[in-house]
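The structure under discussion appears below in the form of structure tokens.
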Amino acid sequence: SNSFSKSYSALNIILFVLLFTFYFFNIDYFFYNDIFYLNLSVVLGTPINFLSKSEVEKGNNDFKYPLFDLHKGNLLKFFPRSNPHYMKENTNCKSLELYGSNLESSVNKPKFTSIVSYMINIPNNILSPLVGILLSDGHIEYKTRKTLNSGKIKKGEIYSNINCRFRFKQSMGHFEYLFYVFNILSPYCISYPRLVQTRINKRDFYGIEILTRALPCFTVLRDIFYKNRIKIIPENLFDLLTYEGLAHIIMGDGSFKFKGILLNLQAFSVKELILFMNVLKIKFDIETSLHKSRNHYTVYIKVDSAKKLYPQIKNYIVPSMRYKFEKKILSQ
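Start counting the sequence shown at 1; every next residue gets the next number (UniProt numbering).
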């Protein structure tokens, strides 16, 4: 087992050096002049001055949803032992920035203090795709089962001192999509994506996983998308779902069947799926139907609606999936 552990670690290192190098040197080919280019700037921590004001504002104002209310009052009073000088004061740059437009990667940065953790929120340009990722393959979890069972502990006027983290895992074949999601969430991640092993029926399967820091903003998001330990479709989905979020649902749980798109959302109840279908119809004018799959149900987007939807989500679809979309939907 010791030799296997060493070989597994070596495989992990070699794999990501090769993959990251490939994407770094070929990034212009895949992402040039596209929404992916914006997300790459987040990973590298580079300024995004090349974006026009309208492009940045669009990312923050696709829907009117307030930032999560994480605390009320002075954080120094709640956390007197927290280092108030964790972030160095910047007296050189005094320009105004749209919130969420200048975030940079937090990979390999020191652990956040309690004060910094409660200063971090989720702007609309990140919340929008995150909603779709959560409704497909994303999960929000407490750091340990013990904290999950103990419930939420309130401390003064802060939201909670038991925080959650976001987890997202994909198979090796979906590395391109996972790296795209990592570009979006890198301001919250403590490390680069990692190789994970799953053993099913005496067979080993490998995948890639993203894990964020445990932060109060994810705790608030978990309260919206979970009931106890079960992931749900929230009642305020109409306010949360955007074209970008819908694109991530399709990339995560979509398959091209019956000349349309089948969304494999079997984890949700019929009542929740009907709510989802109503949101698609009322907000996006998308025609859908409910299909039974064994003891569960899936949502089918009809071909005419899929063709009408594609121009709205094209810039959010990764190139490999965009090719399949155009071949199997638009060619009909």
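Built from N, CA and C at the ideal position, the CB exists for glycine as well.
Helix, strand or coil, according to DSSP, for Phe225 in the structure here? helix
Lys302 and Ser320 closer than 8 Å at C-beta: no
Can Phe166 and Leu185 be called in contact, C-beta distance under 8 Å? yes
Own chain, CB closer than 6 Å to Glu209, minus 5 neighbours either side, in chain order: Lys169, Arg194, Val196
Does Ser95 pass the burial test, meaning 16 or more other C-beta atoms within 10 Å, or should it be called exposed? exposed
Could you tell me how far apart the beta carbons of Pro123 and Gly138 are, in whole angstroms, since I believe they sit closer than 8 Å? Not confirmed; about 17 Å, so no contact.
Specify, as a first and last residue, the run of the alpha helix (DSSP H) that Tyr243 falls within. 243-253
With H, G and I counted as helix, E and B as strand and the rest as coil, what does DSSP make of Ser114? helix
Distance CB(Leu241)-CB(Lys283) smaller than 8 Å: yes
Contact under 8 Å by Cβ, residue 333 with Ile232: Nothing about residue 333 can be read from this structure; the chain reaches only from 1 to 332.
Leu330 beta carbon less than 8 Å from that of Lys307: yes
Uninterrupted beta strand (DSSP E) stretches inside the stretch 188-232 (no shorter than 3 residues): 194-200, 203-211
Inter-residue CB distance, Leu76 and Ile115 (contact presumed, cutoff 8 Å): 7 Å
With a threshold of 16 other CB atoms inside 10 Å of the CB of His174, please say whether the residue is buried or exposed. buried
What are the partner residues of Val299, as DSSP defines its beta bridges? Leu263, Leu290
Do you know offhand how far Pro234's Cα is from Ile249's? 15 Å
Assign Ser305 to one of three DSSP states: helix, strand, or coil. helix
Terminal residues of the continuous beta strand (DSSP E) containing Gly138? 138-142
Rounded Cβ spacing between Ile140 and Cys164 (contact assumed at less than 8 Å): 5 Å
For the alpha helix (DSSP H) that Arg322 lies in, which residues bound it at each end? 319-325
Taking the straight line between their C-alpha atoms, what separation do you get for Phe256 and Val181? 22 Å
Do Gln266 and Tyr243 have their CB atoms nearer than 8 Å? no
Who are the Cβ neighbours of Met251 in its own chain at under 6 Å, not counting the five residues just before and after it? Tyr177, Met321
Assuming the contact rule is C-beta atoms closer than 8 Å, Val107 and Ser171 should be a hit. Round their C-beta distance to whole Å, please. That belief does not hold up - the Cβ atoms of Val107 and Ser171 are roughly 23 Å apart, past 8 Å.
To the nearest angstrom, report how far apart Glu97 and Tyr323 are at their CA atoms. 36 Å
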